[in-house]
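Heads up, the thing below is written out as structure tokens.
Numbering (the working numbering), first residue to last: 1 to 261.
What follows is the structure, encoded as structure tokens:
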């Protein structure tokens, strides 16, 4: 039956199935088994589960298709199901001591390290299995500017780990390398809210690839999205192009302009 339909149409139909249903479909007949060997199908399902941009899920060596990708899809599917389970029970509860004045804490990818932000602006790197922090970094920030509107962890295409903090006055980006005993936490970029074109900063920050985007609103209610590359270091002198996209209330692009430095 499926052999009478265009191949792309069959793939479009299968893309609407969950990971578990795809596994069941593979077991029904040889024809569907061969169709579900298509790596683009599993790449699509994985990108839907993880919510990552598609290019980051398809950058896999062709020799690894398709078995490892199917395993990734099934693992991600089980994690997604467990995450949305209202009756989930933790298997292990661990209490980790922290310094007083804790404002924010993020768990780094891998689940072995924490980065904590303290009231005085100090950053601490601590193992989940240790008591004392392995590293402290004083940021010398004014406590009045320490209103943290959110934090996030981002992994770059070259596997650098960045911790991004959104404050009312600035956005700071730190590179974390737990294998570097000398400087495991390093400030690589800082964007002052005054550097944005005279607009109040809203605290919304997004990261992807080597880019960071900051969301602002002007007095007319229009949204401005400021996009810039993440610097390699604080002293990076490489020419950097910043792009600002202005949107109206209907999300139509009003204008786009570029700034180079």
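Heads up, the beta-carbon is just placed ideally off N, CA and C, and yes, glycines get one too. From a predicted model like this one, the values you see are computed outputs, not experimental measurements.
For the alpha helix (DSSP H) holding residue i, just list the boundary residues, first then last.
i          : result
residue 38 : Neither: residue 38 is in no alpha helix (DSSP H) and is coded neither H nor E.
residue 8  : 7-14
Tell me which residues share the same chain as residue i and place their Cβ nearer than 8 Å to its Cβ, disregarding the 5 neighbours each side in the sequence.
i           : result
residue 269 : Outside the displayed range of the chain (1 to 261) lies residue 269, so it cannot be described from this structure.
residue 9   : none
residue 156 : 162, 209, 210 and 230
Between which residues of its own chain and residue i is the CB-CB distance below 6 Å, once the five residues before and five after are set aside?
i           : result
residue 192 : 170
residue 231 : 188 and 189
residue 20  : none
residue 141 : 121
residue 177 : 184
residue 275 : With the chain covering only 1 through 261, there is no way to say anything about residue 275.
Within 10 Å of its beta-carbon, does residue i have 16 or more other beta-carbons around it, so buried, or fewer, so exposed?
i           : result
residue 133 : buried
residue 262 : Any answer about residue 262 is impossible in this case: the structure gives the chain only from 1 up to 261.
residue 112 : exposed
residue 93  : exposed
residue 97  : exposed
residue 212 : buried
residue 181 : exposed
residue 43  : buried
residue 183 : exposed
residue 194 : exposed
Judging by CA-CA distance, which residue of the options is the nearest neighbour of residue i?
i           : options               : result
residue 226 : 209, 204 and 220      : 204
residue 135 : 102, 126 and 153      : 126
residue 32  : 100, 7 and 79         : 7
residue 167 : 27, 148 and 85        : 148
residue 139 : 151, 131, 124 and 106 : 124
residue 159 : 195, 70, 175 and 152  : 175
residue 41  : 29, 25, 30 and 12     : 12
residue 48  : 91, 244 and 15        : 15
Would you list the one or two residues that DSSP bridges to residue i?
i           : result
residue 125 : 115 and 135
residue 148 : 167
residue 217 : 223
residue 174 : 163 and 187
residue 153 : 163
residue 99  : According to DSSP, residue 99 bridges with nothing at all.
Near residue i, what residues of its chain come up, given a Cβ to Cβ distance below 7 Å and the 5 sequence neighbours on each side ignored?
i           : result
residue 277 : Not covered by the structure: residue 277. The range shown for the chain is 1 to 261.
residue 172 : 165, 187 and 190
residue 102 : 116 and 118
residue 60  : Note that residue 60 has pLDDT 40, beneath the 50 cutoff, so the model's placement of it is unreliable and no number is given.
Quick one: does residue i have its CB under 8 Å from some CB of chain B?
i           : result
residue 114 : Any reference to chain B falls outside this structure, which holds one protein chain only.
Since residue i is in the beta strand (DSSP E), which residue starts that stretch and which ends it?
i           : result
residue 21  : Element bounds for residue 21: not the beta strand (DSSP E) but the alpha helix (DSSP H), 19-26.
residue 185 : 185-192
residue 102 : 102-107
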